[in-house]
Amino acid sequence: MVRVGYPATLPPALFEGFPKEVELIPLSEKLDHAVDIDVWIPDPYPTRAQRIVPHLRGVKLVLSLMAGTEWIPGAMGPHVTICNARGAHNISTAEWTITAILSMLKYIPLYLEVQHSGQWKRRFEASVHYAQITGDARPQYPPIMQEELTGKAVLMVGYGAIGQEIERMLEPFRVHLTRVARTARSEPRVHAVAELDALLPQAEVIILILPATAESKGLIGAPQFALMRQGALLVNSARGPIVDTDALVNALNKGRIRAALDVTDPEPLPDGHPLWKCPNLLITPHIGGSTPMFAPRAVKTAEGELRRYLAGEPLHNVVQTAI
Ligand SMILES: NC(=O)c1ccc[n+]([C@@H]2O[C@H](COP(=O)([O-])OP(=O)(O)OC[C@H]3O[C@@H](n4cnc5c(N)ncnc54)[C@H](OP(=O)(O)O)[C@@H]3O)[C@@H](O)[C@H]2O)c1
C-alpha cells in the first residue's frame, strides 16, 4: 500500500476524497522517529516541514501545497520527484495584487492615516503627494485626491497560472497590458524577459509574479529602477529576492517610485530594517495566498497528482523529476 504522509496540522476531513488504496499518515511537526512513506505532503510552513525531513525514509514523491517550492530540492535531494500546487493560489494571490494596486492608486495607506488623525482636511495632502510622486505639477481642478487604474499601462513579469488570473481580474479596468515571461510567444503576445529593460520605461504599474530562481534573483535592481517612469508603481506578489532590496530602498527614499510588497528580502523583514520607513510603500507580511480556500484547493491539487501517480500517468505540476 502506498503510504502518504501529510501535515497533522491540517484537518483529516480535507483528505477524505483521497483514493482508498493509500494509507494516510499524519505527521506532527514534533516527529522524533524515522517514518517510512512513499509520498510526502509537507506542511505549508517551510520551517515546520523542514523540521521533520531528517526523519523521513523512502520518499519518492513530494506534493507541495505551495506554488513556490524553493527549499524542497535542497532538503530532499535529486532522487525525489517534486510537484507544486500550481493553481491553488491563483485567486487569492491575484486578488491581493489587484487590491494592492488599487490601494496604492486610491491612496488608502494615506487615508488610513487621515482617518486615525481624525482630520477631514488632510485629504488635500493627496494632491501634494500626487504632484510629488508623478512630477505632474499642473494646476488641477478639482484637486487630485486619488488616481485611476482604468487605462493604465501595466507590465506583468511572469505569465503563468497566477499571472493569467491577474489578467482576467484586470479586464474590467481596460488596462494596456504588456506580458513578460521566460520565453516570447504569441496569442496572446508575451515578450521574453530579455526585452524587460526596453519595456520598463513605458509602464505605470509593474507586477512581479514569477518564481524565485537563480535567473530571476535581482531581476529588478538599480539599472531597472533607473529605467522606470517617475512614480511608477512596483507590485511584488511573487518572492522578495527578485528585487534587489538595497536598490529598492534607494529608489523609494529618492521618491523615484512607489511599491506594494507582499514579499521581501529578507523575510520576515526584521525590526528596524530600512524598508519599514520608506515612503510610498505598502507592505503586507506574505499573506497573498492565505485565504480559507487555500487548504481545500491545494489538497485537491495534491489529490489529483496522487491519483495520476497511482495510475502511472504523467504528473501535471512537476518542478523536479527524480534522477
Ligand atoms: N505572495 C504569495 O503569497 C504567493 C502565493 C503564490 C505564489 N507566489 C509566487 O508566485 C510565483 C508564480 O506563481 P505561478 O503559479 O503563476 O507560477 P507558474 O504558473 O509556474 O508561472 C511562472 C511564470 O513566471 C515566468 N518566469 C519564470 N522564470 C522567469 C524569469 N527568470 N524571468 C521572467 N519570467 C519568468 C514563467 O515563464 P514561462 O511562461 O516562459 O515559463 C511563467 O510565465 C510563484 O513561483 C511564487 O513564488 C506568491
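For the record, in the sequence shown the residue sitting at position 258 is 269 according to our numbering, with numbers rising by one throughout.
Even for Gly, the Cβ is constructed at its ideal location relative to N, Cα and C.
A quick note: this is a predicted structure, and the numbers were derived from the prediction, not measured.
To which residues of the same chain is residue i closer than 8 Å at the C-beta, ignoring the five residues directly before and after it?
i, result
"Glu34", "Met12, Val13, Arg14 and Val15"
"Arg68", "Ala45, Val46, Asp47 and Ile48"
"Leu238", "Asp208, Leu211 and Pro212"
"Gly299", "His100, Ser103, Thr104, Trp107, Thr108, Ser248, Asp273 and Val274"
"Ser114", "Pro120, Ala271 and Leu293"
"Val201", "Tyr170, Arg190, Val191, Ala192, Thr194 and Ala195"
"Pro307", "Leu25"
Figure out for me which residue from the options has the closest Cα to the Cα of residue i.
i, options, result
"Ser39", "Gly28, Phe29, His66 and Pro30", "His66"
"Met304", "Ile102, Gly88 and Arg68", "Ile102"
"Ile268", "Ala142, His327, Pro89 and Ser301", "Ala142"
"Asn95", "Phe236, Trp287, Pro222 and Ala262", "Pro222"
"Val186", "Arg193, Ala192 and Glu178", "Glu178"
"Ala325", "Gly85, Ala78 and Thr92", "Looking at the sequence itself, residue 325 is Pro, so the reference to Ala does not match. Per the Cα distances, Thr92."
"Thr20", "Val50, Leu76 and Gly266", "Leu76"
"Leu42", "Val125, Ala60 and Glu198", "Ala60"
"Pro153", "Ala258, Ala86 and Arg134", "Arg134"
"Ala258", "Glu278, Ala205 and Cys289", "Cys289"
"Pro18", "Trp287, Ile52 and Gln235", "Ile52"
"Glu27", "Ala322, Asn328 and Ala313", "Ala313"
"His297", "Gly232, Val310, Glu176 and Val246", "Val246"
"Leu244", "Leu116, Pro150 and Lys132", "Leu116"
"Ala225", "Gln175, Pro307, Trp82 and Val73", "Trp82"
"Pro23", "Glu32, Lys31 and Pro37", "Pro37"
"Ser227", "Ala205, Arg240 and Met87", "Ala205"
"Met180", "Pro30, Glu32 and Leu160", "Leu160"
"Ala148", "Ser301, Gln241 and Asp54", "Gln241"
"Asn291", "Ile231, Gly266, Gln151 and Lys31", "Gly266"
Return yes when at least one heavy atom of ligand 1 lies under 7 Å from the C-beta of residue i, else no.
i, result
"Gly299", "yes"
"Leu272", "no"
"Val125", "no"
"Val204", "yes"
"Ser197", "no"
"Arg240", "no"
"Arg97", "yes"
"Leu194", "Residue 194 is actually Thr in this sequence, not Leu. Answer for Thr194: yes, Cβ within range of ligand 1."
"Ile220", "yes"
"Val91", "no"
"Thr104", "yes"
"Glu226", "yes"
"Tyr56", "no"
"His100", "yes"
Residues in its own chain within less than 7 Å of residue i by CB, not counting five upstream and five downstream?
i, result
"Pro285", "Val260"
"Ile80", "The residue asked about is misnamed: residue 80 is Thr in this sequence, not Ile. Result list for Thr80: Ile93, Asn95 and Val330, in chain order."
"Gly98", "Ala172 and Thr312"
Using C-beta distances below 6 Å, list every residue in its chain close to residue i, excluding the 5 sequence neighbours before and after it, in chain order.
i, result
"Tyr118", "Ala137 and Gln157"
"Ile155", "Ser138 and Tyr141"
"Ile334", "Pro89"
| query | Taking contact to mean at least 3 C-beta pairs separated by less than 8 Å, is the region 104 to 116 in contact with the region 311 to 319? | reply | no
| Between the region 157 to 173 and the region 215 to 222, are three or more C-beta pairs nearer than 8 Å? | yes
| request: Spell out a yes or no on whether the region 268 to 284 and the region 238 to 253 are touching, meaning 3 or more CB-CB pairs, one atom from each, closer than 8 Å. | output: Flag = yes, the region 268 to 284 and the region 238 to 253 touch.
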